[in-house]
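Sequence order for the protein chains is F and Z.
Going by my numbering, the first residue of the first sequence is number 32, and it counts up by one from there.
Going by my numbering, the first residue of the second sequence is number 32, and it counts up by one from there.
The C-beta atom is built at its ideal place from N, Cα and C for all residues, glycine as well.
2 protein chains.
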Amino acid sequence: MKFTCEKLQLQDAIASCIHAVSSKSTITALEGLLISAGEQHVTLSAYNFKTAIIKHFDATVYTPGSFVLNARIFYDIVRKLPDDIIEITIEDNFTTTIKSGVSEYNIIATSADEFPELPSCSKRNGISIKNNVMKSLIDQTVFAVSDNETKPIHTGCLFEVKENLITVVAVDGYRLALRKEEIENESGNDFKFVVPGDTLKDILRILPENEETSAIYPDKKHALFEIDNTVVITRLLEGEFLDYNRAIPQSSAVNLTIDVRNIKESIERVSLIISERLKNPIRCIFFDSSVKISCITALGKAYDEAPISFCPEQIEIGFNNKYIMDALKACTDETVSLGLTDGVSPAVIRPTEGDKYVYMVLPVRLKQA
Amino acid sequence: MKFTCEKLQLQDAIASCIHAVSSKSTITALEGLLISAGEQHVTLSAYNFKTAIIKHFDATVYTPGSFVLNARIFYDIVRKLPDDIIEITIEDNFTTTIKSGVSEYNIIATSADEFPELPSCSKRNGISIKNNVMKSLIDQTVFAVSDNETKPIHTGCLFEVKENLITVVAVDGYRLALRKEEIENESGNDFKFVVPGDTLKDILRILPENEETSAIYPDKKHALFEIDNTVVITRLLEGEFLDYNRAIPQSSAVNLTIDVRNIKESIERVSLIISERLKNPIRCIFFDSSVKISCITALGKAYDEAPISFCPEQIEIGFNNKYIMDALKACTDETVSLGLTDGVSPAVIRPTEGDKYVYMVLPVRLKQA
């Protein structure tokens, strides 16, 4: 196998694929990238048995072929080379030469036969989404995915497509995140599939923040994401996802308007004395025109306040500070609506206009003050 | 004790002192900062039995007093508070209240009696150095300090003052770094003292990059650095420092002019295949108008070249890549002079003009290629 290509194109391709490379594996080939030189382009593939990432780039191919190179060392070498043309030669005895200008590396490749077979996924019934919309759909839900493997279906995000509306939902037993957007659904079909949270985090790293359109092709066991000239194939999670429509309260006793930044800063300050290990809850007392936020831990006491729209009755409610912060951080508006009923009912954050997102956080029982 | 002060002044003072706070200690007070409120200012002190850092700042003191607060939690709280006036009250029962606007923290202080006595150091016989000069004197030598405790004297930098010339030297058995500068020596005396490398790294973090003047007051067992309104007192190391004048070869067989950036990039690329653990040396062959740099490790081979001024005879020499890189990184000039004699004699880097620095690196024996 022999080809030449531009350093930046190769570097970019490795950077996209490397997220799906196993960092430590007993199978050497899994720590590697499959390099396949075809007619006029080269394909890099990475696969960790959960996610496959495949990327094509332009190259001048002198001798086609397929080999596996250790991803880490390959990436390190390419990054350090000057922004110039790189020549890669891999002999049948696996001797590999990477050359650019006066620089030359000789390393050893692995046989492509040792690389696992990539999952196949049909490219029918696709839906098109703009990259920045896909980014926000994932980014604003994936944080709420469960890390508890006892209910595997909730370690992923539900993608639900009904006509031209996509709803992405994540839930972990203590909170729920939901995002909705209008999309182009060329297939005319409705779908429902659950993508592992880990894959979605990989996709976030690849997704450019632009108005270009990417596509998702859900299949039976896998889904294929086509983003620019990168293909991500992920296995889908199986099981019964929470009936989120029934889980979200349709109304609350009070609906307050809150300033997201103010309340985030107050919670952050109070959270300072909370240890990662003990997870003391924060106590919030909503009344009149402010929320009084406090916390008591082994370190001491912290107290803060933030303004709210008028709250006619006093509502005292405890939260896990991380969960309420994650929800507030996902809000893209300066002010949002916070629905509260009492100290044992979930808090529900919605936009003041429209219904693009819903963040629900369950309360934590407070000890008597 | 009760005082109010500006948040930024307090934050800045804690930031300076925190480097001398023990991060884990069986003595609670050592993880703390001593806060002493006097007439019109407050003093923060940190001391880890090696280095003491003392900083004054303006405050409105209502009740003087001295207490110890945990440095980490104190710093975290102050940083998160808004840029406003902070009020700190510590009661005799150690109840501490930190207030700013609507935010309030209640934590527990420790008695000042538990804080170790700060070392004393006379402020006579000082030398004055501009901050940016002191920074370069330390920054460009401290990297070569030994981390081998069997020869404690070499775990510090030698400061040698002769009339109006200061020479700072570090040596670790494999390399040597030397920097010289003209200074103002008001005392008229000559001195020699060795400051621990760890303290110098703390001083680097505090030293502003400006033309203001700081002072060093060496005493018998300690030295006092006065930088802006921060005082650093360090213990001095005892023992016989290497006679560096005898260690540095006065001349070499060839003196090449090298481009620092070019040769650094070549060494960096070749170093990619060197593992931290095995420390294979790089092989350099200087001849004619280039240096050919190569390395063979378990991962493979790397080869690179960089231009040099004419080298009439072939000199093959092995280096620990880190040591030669550290020396090149410390060079502030684009081109420097590299003195070489043969494969077993030290390489000596000097400026092409003047004698402000000398970096010497001992060669590593190479296996036959």
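Segment limits, alpha helix (DSSP H) that includes residue i
i: CYS152(F); result: Careful: CYS152(F) lies outside any alpha helix (DSSP H) and carries neither H nor E.
i: GLU296(Z); result: 291-302
i: SER177(F); result: Where SER177(F) is concerned, there is no enclosing alpha helix (DSSP H), given that its DSSP letter is neither H nor E.
i: ASN216(F); result: Run containing ASN216(F): none; DSSP gives neither H nor E here.
i: TYR205(Z); result: That residue, TYR205(Z), is in no alpha helix (DSSP H); it is neither H nor E in DSSP.
i: SER47(Z); result: 38-48
i: LYS223(F); result: No alpha helix (DSSP H) contains LYS223(F), which is instead part of the beta strand (DSSP E) from 222-227.
Beta strand (DSSP E) segment containing residue i, residue limits
i: VAL263(Z); result: 261-266
i: LYS86(F); result: 82-89
i: VAL164(F); result: First-last for VAL164(F): 162-170, but that is the alpha helix (DSSP H), not the beta strand (DSSP E).
i: SER248(F); result: Note on residue identity: the sequence assigns Tyr, not Ser, to residue 248(F). TYR248(F) -> beta strand (DSSP E) spans 244-249.
i: VAL192(Z); result: 187-193
i: THR59(Z); result: THR59(Z) -> no beta strand (DSSP E), and no H or E assigned at all.
i: ALA278(Z); result: First-last for ALA278(Z): 275-278, but that is the alpha helix (DSSP H), not the beta strand (DSSP E).
i: SER257(Z); result: The sequence given here has Glu at residue 257(Z), not Ser. Taken as a continuous stretch (DSSP letters only), the beta strand (DSSP E) holding GLU257(Z) covers 253-258.
i: ASN137(Z); result: 134-139
Partner residues on chain Z for residue i, Cβ-Cβ distance less than 7 Å
i: GLU336(F); result: VAL133
Amino acids of chain F, ordered along the chain, whose beta-carbon sits closer than 8 Å to that of residue i
i: LEU303(Z); result: ILE104, ASP107, ILE108, LYS111, TYR136
i: GLU307(Z); result: Within 8 Å Cβ-Cβ: nothing; GLU307(Z) doesn't reach chain F, min ~13 Å.
Within chain F, the residues that residue i reaches when beta carbons sit closer than 7 Å
i: ALA333(Z); result: TYR136
Within chain Z, the residues that residue i reaches when beta carbons sit closer than 9 Å
i: GLU299(F); result: LYS111
is_contact[residue i, chain B] using C-beta, thresh 9 Å
i: GLU217(F); result: Protein chains in the displayed structure are F and Z, and chain B is not among them.
Three CB pairs or more closer than 8 Å across the region 47-66 of chain F and the region 96-106 of chain F: Three or more Cβ pairs closer than 8 Å define a contact, and the region 47-66 of chain F meets that threshold against the region 96-106 of chain F.
Stretch-stretch touch, CB-based, cutoff 8 Å, three pairs: the region 383-394 of chain F with the region 202-214 of chain F: These segments touch.
Complete beta strand (DSSP E) runs within the region 320-387 of chain Z (minimum length 3 residues, chain order): The qualifying runs are 331-350, 366-371, 378-382.
Residues of the region 80-108 of chain F whose Cβ lies closer than 9 Å to any Cβ of chain Z, in chain order: Within the region 80-108 of chain F, the qualifying residues are ASN101, ILE104, ASP107, ILE108.
Against chain Z: residues of the region 125-158 of chain F by CB proximity under 7 Å: Within the region 125-158 of chain F, the qualifying residues are VAL133, SER134, GLU135, TYR136, ASN137, ILE138, ILE139.
Contact between the region 141-152 of chain Z and the region 77-90 of chain Z (3+ Cβ pairs under 8 Å): Cβ pair count under 8 Å is three or more, so yes.
The region 104-120 of chain F / the region 271-287 of chain Z touching (three or more Cβ pairs under 8 Å): No: the two stretches stay apart, fewer than three of their Cβ pairs being nearer than 8 Å.
Inter-stretch contact (C-beta, 8 Å, three-pair minimum) for the region 234-246 of chain Z and the region 344-354 of chain Z: These segments do not touch.
Residues in the region 315-334 of chain Z having any Cβ partner in chain F nearer than 8 Å: Cβ proximity to chain F below 8 Å picks out LEU330, GLY331, LYS332, ALA333, TYR334 from the region 315-334 of chain Z.
Inter-stretch contact (C-beta, 8 Å, three-pair minimum) for the region 293-311 of chain F and the region 261-274 of chain F: Contact between the region 293-311 of chain F and the region 261-274 of chain F is absent: fewer than 3 CB-CB pairs across the two stretches fall below 8 Å.
Contact the region 121-134 of chain Z vs the region 150-157 of chain Z: 3+ CB pairs below 8 Å: The region 121-134 of chain Z makes no contact with the region 150-157 of chain Z; the number of CB pairs closer than 8 Å stays below 3.
Meets three-Cβ-pair contact criterion under 8 Å: the region 214-234 of chain F and the region 244-258 of chain F: In this structure the region 214-234 of chain F lies against the region 244-258 of chain F, because at least three pairs of beta carbons, one per stretch, are closer than 8 Å.
Uninterrupted alpha helix (DSSP H) stretches inside the region 62-128 of chain Z (no shorter than 4 residues): Entirely contained in the region 62-128 of chain Z, the alpha helix (DSSP H) runs reaching 4 residues are, in chain order, 102-111.
Segment contact, 8 Å Cβ cut-off, at least three pairs: the region 169-185 of chain Z with the region 101-109 of chain Z: Because the criterion of three Cβ pairs below 8 Å is not met, the region 169-185 of chain Z and the region 101-109 of chain Z do not touch.
Three-pair Cβ contact test at 8 Å for the region 192-200 of chain Z versus the region 133-141 of chain Z: The region 133-141 of chain Z and the region 192-200 of chain Z do not touch, with fewer than three beta-carbon pairs separated by less than 8 Å.
Touching by the beta-carbon criterion (3+ pairs, under 8 Å), the region 365-372 of chain Z and the region 171-190 of chain Z: Not touching, per the Cβ criterion.
Contact the region 80-91 of chain F vs the region 43-62 of chain F: 3+ CB pairs below 8 Å: The region 80-91 of chain F vs the region 43-62 of chain F: in contact.
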